[in-house]
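Scroll down for the structure; my scribbles are underneath it.
Below, the structure written as structure tokens:
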């Protein structure tokens, strides 16, 4: 088995980028989901679940260490990395409340105009990250990802789903960081620990899927038949949750490259 694809998502719920290699730090993939949009009114996080147009929003690292924002029919905007201890804003992501640096009024105006709702662009430095669900060791943290630092999907699992749905489905619908080639469909469900290069990972929890999987990552349009959720519900529903892919916690830092072998430890 080997890594066949690697993805990073600099801005939560915006367009992802396919990369030949990734660096890992204490929050997962370096630069992954370290930025987020939050409602100006109440600080709640915003995603494609309620704003599917975010699937057409691009955010890339720029030379200042911040972001360059791009979207159809809008001028691009370079956003500087905010000071980690200044302009702090209270935000809410699921059940967690955080205070994180705000990227400023110009960035807020740009994203608000694109979204059609007053919102703010915020960044999470490592020292302001939140603890992951379960937090077994006391130091396991995550940035703005839903609950865990990393997501893994087996290519064979997607291939099986595509065969069941009867039409092509992009891997980016499921927003993984790591894609593994060479395993049986859904083999990742049974893994507990894996090693890639010098880094070990714990498979913490199966990923519960939502309406975002029905949004075409190219057009931002939702499928009228609610696929692939409709098909997944028929054979991947457990205790009311539709499961596809596995959430990971990395133990230590290092580099991952496409083509690296994946070893199952337990």
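Numbering (my numbering), first residue to last: 10 to 275. The C-beta atom is built at its ideal place from N, Cα and C for all residues, glycine as well.
Proximity below 7 Å, CB of residue i to CB of residue j
i	j	result
residue 68	residue 55	no
residue 187	residue 200	no
residue 74	residue 181	no
residue 229	residue 65	yes
residue 12	residue 267	yes
residue 116	residue 133	no
residue 256	residue 157	yes
residue 197	residue 161	yes
residue 235	residue 224	no
residue 216	residue 175	no
residue 63	residue 189	no
residue 226	residue 179	yes
Reference residue i, options the options, closest by Cα
i	options	result
residue 15	21, 22, 269, 219	269
residue 202	236, 176, 274	274
residue 191	107, 51, 272, 37	272
residue 123	107, 45, 80, 100	80
residue 51	99, 72, 60	99
residue 96	103, 130, 72	130
residue 220	61, 92, 23	61
residue 107	94, 93, 138, 121	138
residue 28	242, 121, 148, 185	185
residue 218	205, 242, 173	242
Per-residue burial, residue i [other beta carbons within 10 Å of its own, 16 or more giving buried]
i	result
residue 195	buried
residue 207	exposed
residue 119	buried
residue 44	buried
residue 104	exposed
residue 239	exposed
residue 237	buried
residue 125	exposed
residue 6	Residue 6 falls outside the range modelled here, since the chain spans only 10 to 275, and no answer is possible.
residue 23	buried
residue 135	exposed
residue 328	The chain is shown from 10 up to 275; residue 328 falls before or after that span and cannot be answered.
residue 154	buried
residue 149	buried
Minimum Cβ-Cβ distance from residue i to chain C less than 7 Å
i	result
residue 51	The chain inventory of the structure shown lacks chain C, comprising one protein chain alone.
Q: Decide yes or no for the touch test of the segment 110-128 against the segment 22-36: beta carbon pairs closer than 8 Å, at least 3 of them.
A: no
Q.
Pairs of beta-carbons, one from the segment 162-172 and one from the segment 256-266, closer than 8 Å: are there three or more?
A. no
Q.
Which complete beta strand (DSSP E) runs does the segment 10-42 hold, if anything under 3 residues is left out?
A. The qualifying runs are 11-17, 30-34.
Q: Taking only runs that begin and end inside the segment 89-171, name each unbroken beta strand (DSSP E) of 3 or more residues, in chain order.
A: Note on the segment 89-171: whole beta strand (DSSP E) runs with a minimum of 3 residues are 97-102, 105-110, 128-132, 159-163, in chain order.
Q. Is there contact between the segment 18-28 and the segment 38-47, where contact requires at least three CB pairs shorter than 8 Å?
A. yes
Q | 3 or more residues per run - each beta strand (DSSP E) lying fully within the segment 232-272 | A | 250-260, 263-266
Q) Do the segment 236-252 and the segment 84-91 meet, that is, are 3 or more Cβ pairs less than 8 Å apart? A) no
(Q) My parser needs the beta strand (DSSP E) runs of 3 or more residues fully inside the segment 36-85; what are they? (A) 44-48, 67-70, 76-79
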